[in-house]
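Asks: Those letters in the sequence shown? Residues 2 to 106, per our numbering, in order. What follows is a single structure, and I will ask about it in a moment.
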Amino acid sequence: MTSQTPSRRRFLIQAVVATAALPFVASGLIGTVQAQALKPLPLDNPQAVALKYILDATKTKEPIYKPGSNCANCQFFTAANGACTLFAGFSVPAPAWCSAWAKKA
Ligand code: SF4
Numbered sequence: 002m003t004s005q006t007p008s009r010r011r012f013l014i015q016a017v018v019a020t021a022a023l024p025f026v027a028s029g030l031i032g033t034v035q036a037q038a039l040k041p042l043p044l045d046n047p048q049a050v051a052l053k054y055i056l057d058a059t060k061t062k063e064p065i066y067k068p069g070s071n072c073a074n075c076q077f078f079t080a081a082n083g084a085c086t087l088f089a090g091f092s093v094p095a096p097a098w099c100s101a102w103a104k105k106a
């Protein structure tokens, strides 16, 4: 090893660091693609219709609506990408609401 020149040693160190970092870079890119893959939940989605989904929680007339409840404070909501556990592949806006709302713990 003592016969290696400094530039070769530097190259090898850079190659090892780059190889070690690759999975982290790739997982970050995959996460970005997955976040972009979510489409807004259509109002005519059958499950959304069944659950009385509405874009503005304050506009619902559903008797089970609790004032102040919306997707933002629902346990099924992921704020980072707007995902809802009940509507796989779709995103919902924070002010929306549906009858499956459950208070975030
Ligand atoms: S389950 Fe919660 S997060 Fe999903 S649409 Fe209904 S209120 Fe919003």
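Heads up, the beta-carbon is just placed ideally off N, CA and C, and yes, glycines get one too.
Taking the alpha-carbon of K105 as reference, which of F78, F91, A84 has the nearest alpha-carbon?
Replies: In the sequence shown, the residue the question calls residue 105 occupies position 104. Measuring from the Cα of K105, the nearest candidate turns out to be F78.
Asks: Nearer than 8 Å: is that true of the beta carbon of V50 relative to any heavy atom of the ligand SF4?
Replies: Position 49 of the sequence shown, counting from 1, holds the residue named residue 50. It does not: the Cβ of V50 is nowhere closer than 8 Å to a heavy atom of the ligand SF4.
Asks: Measure the Cβ-Cβ separation of V93 and P47 and say whether it is below 9 Å.
Replies: Position 92 of the sequence shown, counted from the first residue, corresponds to residue 93. Position 46 of the sequence shown, counted from the first residue, corresponds to residue 47. Cβ distance not < 9 Å, so V93 and P47 don't count as in contact.
Asks: Does the separation of the CB atoms of D57 and A97 fall below 9 Å?
Replies: The sequence position of residue 57 within the sequence shown is 56, counting from 1. The sequence position of residue 97 within the sequence shown is 96, counting from 1. Yes; because the gap between Cβ atoms is below 9 Å, this pair is in contact.
Asks: Can you check whether the CB of F91 is closer than 9 Å to the CB of L39?
Replies: The residue labelled residue 39 in the question sits at position 38 within the sequence shown. The residue labelled residue 91 in the question sits at position 90 within the sequence shown. Yes. Within cutoff.
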